[in-house]
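>
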Amino acid sequence: MVLEVALIDVTPGHEDDFAAAYAQARPILAGSEGCRSVRMTRGVESPTRFVLLVEWDSVEAHDVNFRQTERFGRWRGLIGPHFAGPPLVEHFVDVPA
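Numbering (our numbering), first residue to last: 16 to 112.
1) On a Cα-Cα basis, can you pick out the residue from 65, 107, 33 and 57 that is closest to residue 97?
2) When DSSP builds the beta bridges, which residues end up paired with residue 23?
3) Return helix, strand or coil for residue 106, following the three-state DSSP convention.
4) What separation, rounded to the nearest whole angstrom, lies between the Cα atoms of residue 111 and residue 18?
5) For the region 76–90 against the region 59–66, do three or more pairs of beta-carbon atoms, one drawn from each stretch, fall closer than 8 Å, so that the two count as touching?
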């Protein structure tokens, strides 16, 4: 399992519109093959900052099953207009305890 973490800064004043767009766009992402879970969080101290957390079967599942499909275009078309800049996206794996 791989955790995708996307740090998204939203244009000030667009926070509610972004949240509404995410509600529409979430099923597009969640329905992608290899997607295990999707969660969006919002900053308390920085309310224009959102963090998207997506669990994927693998990095390839994210890249091939989502980013290289029309799903990504539809997803980005809904939420992208509210971005203050490009999101910072990285993948992480669990550290054994």
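All C-beta atoms, glycine included, are put in the ideal place defined by N, C-alpha and C.
On the basis of the data shown:
1) For the purposes of this step, residue 97 is identified with residue 82 of the sequence shown, where counting begins at 1. Nearest of 65, 107, 33 and 57 to residue 97, Cα basis: 33.
2) Taking the first residue of the sequence shown as 1, we reach residue 23 at position 8. 65, per the DSSP bridge assignment.
3) For the purposes of this step, residue 106 is taken as the residue at position 91 of the sequence shown. In the structure shown, residue 106 sits in a strand (DSSP, three-state: E or B).
4) Here residue 111 corresponds to residue number 96 of the sequence shown, with the count starting at 1. Here residue 18 corresponds to residue number 3 of the sequence shown, with the count starting at 1. Roughly 15 Å separates the two Cα atoms.
5) no
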